[in-house]
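Here the sequence shown is numbered in the numbering used here, starting from 5 and rising by one per residue.
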Amino acid sequence: MFAECTLFPDPPRIWCQASGHSDSAWVFWSEDGGLGGAQGASFELTLSDEQRLESETRISVKDCGSTAGGDVGEDGCVTVQVTVDTSSVVLSSARIEHLSCADEQITVRYTTICSATVTGDVDWVGWEWEGWETPADSLWNRDEDSGISLEDALAISVEFSMVGEHDVVLQACTGGGPWNAGAVCVENTSVVEAIPGLGGAYELGVGGNGVPCESDP
5 MFAECTLFPD PPRIWCQASG HSDSAWVFWS EDGGLGGAQG ASFELTLSDE QRLESETRIS
65 VKDCGSTAGG DVGEDGCVTV QVTVDTSSVV LSSARIEHLS CADEQITVRY TTICSATVTG
125 DVDWVGWEWE GWETPADSLW NRDEDSGISL EDALAISVEF SMVGEHDVVL QACTGGGPWN
185 AGAVCVENTS VVEAIPGLGG AYELGVGGNG VPCESDP
């Protein structure tokens with residue numbers, strides 16, 4: 005038995021055809037490391053973002069109706085493996101080029117805008133910061149939040165209820181979110197100091213974010 009596979013770039017997918025096999029009802033396909041598969045003389049695999057993080061994909065085909073054309077395994081099937089070069093459709097891992105907040109110091113319960121520049125193929129973005137009554141976060145998923153642009157997801161308004169220095173953490177991932185074992189994620193942190201308000205009138209600082217001054221007598 006023989007198998008030949010071809011990579012198509014748009015959308016990224018692999019199409020395979022087997023020959024020299026027995027009845028096609030006894031021919032089974034799978035992607036190594038993947039779950040399930042297909043049955044028949046041909047096979048098509050649409051590459052997921054996780055699969056596109058690798059430069060090659062291995063396809064296995066089994067003929068369980070004949071002992072011709074290869075060594076018979078313990079399962080009584082002849083198995084052929086084909087390695088497909090997928091380097092031309094590999095995703096570029098996310099990279100945080102810049103992260104900063106408009107103000108390094110703000111008054112408690114005032115806001116500042118934190119923003120970032122991220123390059124590569126970004127599938128998931130997560131912001132997290134503490135200092136409010138409970139930890140806060142903001143998440144973006146390319147598949148689920150198609151109405152929100154990546155550019156908009158890379159800017160967030162934060163505020164704090166407790167005095168002190170607070171970490172504003174940005175995480176960006178390629179190949180799904182951080183829960184996905186195959187995803188590639190990067191992380192960066194910006195620090196903002198929250199200071200107590202003095203009461204009375206406030207003078208708006210750079211970015212319009214509460215640098216306090218005492219009231220006029």
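Just so it is clear, CB atoms sit at the ideal spot from N, CA and C, and this is done for glycine as well.
Asked, Found
"Helix, strand or coil for residue 19? Go by DSSP, reduced to three states.", "strand"
"Would you mind sorting residue 180 into buried or exposed? The rule is 16 or more other CB atoms within 10 Å of its CB.", "buried"
"Check for me: the beta strand (DSSP E) holding residue 8 runs from which residue to which?", "6–13"
"If you draw a straight line from the alpha carbon of residue 80 to that of residue 160, how long is it in whole angstroms?", "58 Å"
"What are the boundary residues of the alpha helix (DSSP H) that includes residue 154?", "154–157"
"Does the count of Cβ pairs from the stretch 156–174 and the stretch 188–199 closer than 8 Å reach three?", "yes"
"Span of the beta strand (DSSP E) holding residue 177?", "168–178"
"Using C-beta distances below 6 Å, list every residue in its chain close to residue 23, excluding the 5 sequence neighbours before and after it, in chain order.", "6"
"Quick check: the Cα distance between residue 25 and residue 67, rounded to an integer number of angstroms?", "6 Å"
"Okay, do the stretch 100–118 and the stretch 44–64 touch, 3+ Cβ pairs below 8 Å being the bar?", "no"
"With a threshold of 6 Å on Cβ separation, who are the neighbours of residue 104 within its own chain once the five nearest residues in sequence on each side are excluded?", "194"
"Report all residues from its chain with a CB closer than 6 Å to the CB of residue 43; omit the five preceding and five following residues, and keep chain order.", "32"
"With 16 as the cutoff for other CB atoms within 10 Å, does residue 16 come out buried or exposed?", "buried"
"Among the residues of its own chain, which have a CB less than 6 Å from the CB of residue 145, if the five just before and after it don't count?", "128"
"Beta-carbon separation of residue 11 and residue 56 under 8 Å?", "no"
"Please report how far the alpha carbon of residue 4 lies from the alpha carbon of residue 199, in whole angstroms.", "Examination of residue 4 is not possible in this model, given that the chain is present from 5 through 221 alone."
"Name the one or two DSSP bridge partners that residue 184 has.", "For residue 184, which the question treats as bridged, DSSP gives no partner whatsoever."
"Rounded to a whole number of angstroms, what is the C-alpha to C-alpha distance between residue 178 and residue 148?", "15 Å"
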